[in-house]
Amino acid sequence: MEYVSTRGGAGAVDFEGALFSGYAPDGGLFMPQRIPSLDRDTLRRWSRLPYRELVKELCSLFITAELVPPSTLNDLIDRAFSRFRHKDVVHLSRLKDGLNVLELWHGVTYAFKDLSLSCTGQFLQYFLEKKKQHVTILVGTSGDTGSSAIESVRGQKNVDIFVVLPKGFCTQIQELQMTTVIEDNVHVFAAHGNSDEIDEPIKELFADVDFARKYNLMSLNSVNWSRIMVQIAHHFYAYFQCAPSLDTTPLPMVEIVVPTGGGGNITAGCIAQKMGLPIQLVAVVNSNDIIHRTIQHGDFSLSESVKATLASAMDIQEPYNMERILWLLLGSDSRLTKMLMERFSVSKSLKLPEDLHRKLSETLRSCSASDEDIVRAMQRCWEENRYLLCPHSAVAAHYHYSQPNSMPRCCLAPASAAKFQDALLRAGLVLQLPPEITALRAMETRSTPLERGQDWAQALREQIEAMARRRGIAGQGVTQT
1 MEYVSTRGGA GAVDFEGALF SGYAPDGGLF MPQRIPSLDR DTLRRWSRLP
51 YRELVKELCS LFITAELVPP STLNDLIDRA FSRFRHKDVV HLSRLKDGLN
101 VLELWHGVTY AFKDLSLSCT GQFLQYFLEK KKQHVTILVG TSGDTGSSAI
151 ESVRGQKNVD IFVVLPKGFC TQIQELQMTT VIEDNVHVFA AHGNSDEIDE
201 PIKELFADVD FARKYNLMSL NSVNWSRIMV QIAHHFYAYF QCAPSLDTTP
251 LPMVEIVVPT GGGGNITAGC IAQKMGLPIQ LVAVVNSNDI IHRTIQHGDF
301 SLSESVKATL ASAMDIQEPY NMERILWLLL GSDSRLTKML MERFSVSKSL
351 KLPEDLHRKL SETLRSCSAS DEDIVRAMQR CWEENRYLLC PHSAVAAHYH
401 YSQPNSMPRC CLAPASAAKF QDALLRAGLV LQLPPEITAL RAMETRSTPL
451 ERGQDWAQAL REQIEAMARR RGIAGQGVTQ T
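Below is the structure:
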């Protein structure tokens, strides 16, 4: 299994090479050169597996046994899920009116990103310990990625992580989950800007090839293939939990409703579909609706500004994983993908070719939800079920309540309501906070401000250089394949 760039200008790499990369050297994103196809018997066998075993089966398709022996891979995944609060790792709640909610938030930070990042952290450690090398992780976060990434590598001697959060755009709890981690290898920056603005200096540092190579920069955002790979399991598990039977011909369809920001989870769903899973995917967004407009009208263009919403982790205007989806729909045509993405990069506006838009609208449905829609969905779910949704999960529930379902449906729930007190209060709802979250408010915090007008890329560059001098590690890390 080799991985190629969506833009075709970088050599093929193995899983280790894709893992230790952010963007590919040509600015594209790594994807498997070949998507495995599963037959009916495999789907039937997998349908009986618990979630963690399903993750093992999927990862073994994308990580060769020569690179990570199967027994080692299984141990790494078991270790990754050892800190999850639920015995099944994820849990399906079957509620009234056919509302099925797949709870992906039983990890340490109460967010779905714990699932993929806990595994990715274990994969990193495996390769780094083998080679006695060091990496510098650089991550921008709209809310949950930062804390999940920190938890996946905190305290590790061969990793330093630099996280940039958008000050005032995360909830207090999301911010505290990052700034209260006082570890020598954790460096948190609070930038006075939104999620898209903090992506710019990060892209600039990754684009500086000499700097990135010298300090062994890598990303744990969902540009990293490892994140997408693990998230494919969400869709298989949701399907197996909600499909009425796998004994019919053809296999029954299940609709999977995916709250969407950067597009990693919906990309994983598209790959699951391509592997042969009979699912109908729905990308649901908040008022930052570029993906909705792209699916409905072929209009992949920025709005004037990012809108702050109750579903703050989805307040994203540039969903970078759309590049992976377009590449899949273009039949791996890297030349055309490169041309389209470069056009978007220059103008921040792209009208999809008619044939590509048709394929996209056949592959994905979509819906957008206002803050009022989110509040109403949270209130209705509580009134009917005494069940609290986070605002991101409520975007999916809004679609469910507004669209009659002609097939079984599963709504992915990316975070616990406990992380979003302001949204609960707006809906007139109250939640007893878990003690781990309550304790955050009394803990020491540490972060470095990045002010407006400051050169954020230069500030990050200087901090990374200072860290490397302290460690004596510059130029001694992983060799990119």
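Residue numbers for the sequence shown, in the UniProt record's numbering: 1 to 481. Glycine included, every Cβ here is placed at the ideal spot set by N, Cα and C. All of these numbers come straight from a predicted model, not from anything done at the bench.
Return helix, strand or coil for residue i, following the three-state DSSP convention.
i	result
residue 35	coil
residue 304	coil
residue 366	strand
residue 192	coil
residue 325	helix
residue 385	helix
residue 50	coil
residue 152	helix
residue 406	coil
residue 218	strand
residue 30	strand
residue 43	helix
residue 205	helix
residue 255	strand
residue 424	helix
residue 3	strand
residue 210	helix
residue 412	strand
residue 68	coil
residue 299	strand
residue 395	helix
residue 186	strand
residue 13	strand
Rank the options by C-alpha distance to the C-alpha of residue i and give the top, closest one.
i	options	result
residue 402	380, 412, 415, 386	380
residue 173	449, 460, 466, 445	445
residue 180	436, 461, 98	436
residue 277	4, 9, 38	38
residue 292	177, 194, 370	370
residue 169	360, 158, 193	193
residue 85	75, 76, 108, 94	108
residue 96	382, 451, 462	382
residue 439	75, 32, 176, 120	176
residue 78	121, 288, 110	121
residue 458	200, 126, 41	200
residue 127	87, 400, 76, 302	76
residue 101	215, 346, 308, 400	400
residue 472	41, 133, 74	133
residue 364	348, 297, 424	297
residue 167	308, 346, 228	308
Inspect the beta-carbon positions of residue i and residue j and report whether they are closer than 8 Å.
i	j	result
residue 409	residue 257	yes
residue 225	residue 20	no
residue 284	residue 390	no
residue 311	residue 266	no
residue 12	residue 28	no
residue 464	residue 62	no
residue 16	residue 54	no
residue 334	residue 34	no
residue 146	residue 165	yes
residue 154	residue 183	yes
residue 317	residue 196	yes
residue 209	residue 119	no
residue 202	residue 140	yes
residue 160	residue 467	yes
residue 340	residue 350	yes
residue 288	residue 322	no
residue 427	residue 398	no
residue 135	residue 216	yes
residue 246	residue 294	no
residue 393	residue 423	no
Could you tell me how far apart the beta carbons of residue i and residue j are, in whole angstroms, since I believe they sit closer than 8 Å?
i	j	result
residue 171	residue 344	Contact flag wrong, Cβ pair sits at about 30 Å.
residue 263	residue 325	7 Å
residue 206	residue 23	6 Å
residue 236	residue 447	About 38 Å separates the two Cβ atoms, so there is no contact after all.
residue 254	residue 242	5 Å
residue 112	residue 415	7 Å
residue 482	residue 411	Because the chain here runs from 1 to 481, residue 482 falls outside it and cannot be looked at.
residue 431	residue 388	6 Å
residue 70	residue 60	6 Å
residue 26	residue 51	Rounded, the Cβ-Cβ distance is 35 Å, inconsistent with contact.
Given 7 Å as the limit, tell me if residue i has its C-beta closer than that to any heavy atom belonging to the ligand ZN.
i	result
residue 271	This structure simply doesn't include the ligand ZN, nor any ligand for that matter.
Counting only beta-carbon separations shorter than 8 Å, does residue i have a partner in chain B?
i	result
residue 381	Of the chains in the structure shown, none is chain B; there is only one protein chain.
message: Just to confirm the assignment: which complete beta strand (DSSP E) runs, minimum length 3, are found wholly within the region 438-481?
response: Qualifying beta strand (DSSP E) stretches, in chain order: 448-450.
- request: Write down every uninterrupted run of the beta strand (DSSP E) in the region 260-292 whose length is 3 residues or greater and which is fully enclosed by it, in chain order.
  value: DSSP runs (the beta strand (DSSP E)) wholly in the region 260-292: 279-285.
query: Quick one: complete alpha helix (DSSP H) runs, 4+ long, within the region 330-381?
result: The qualifying runs are 334-347, 354-363.
- request: Report the residue ranges of all alpha helix (DSSP H) runs contained in full by the region 81-166; include only those spanning at least 4 residues, in chain order.
  value: List check, alpha helix (DSSP H) in window: 113-131, 145-153.
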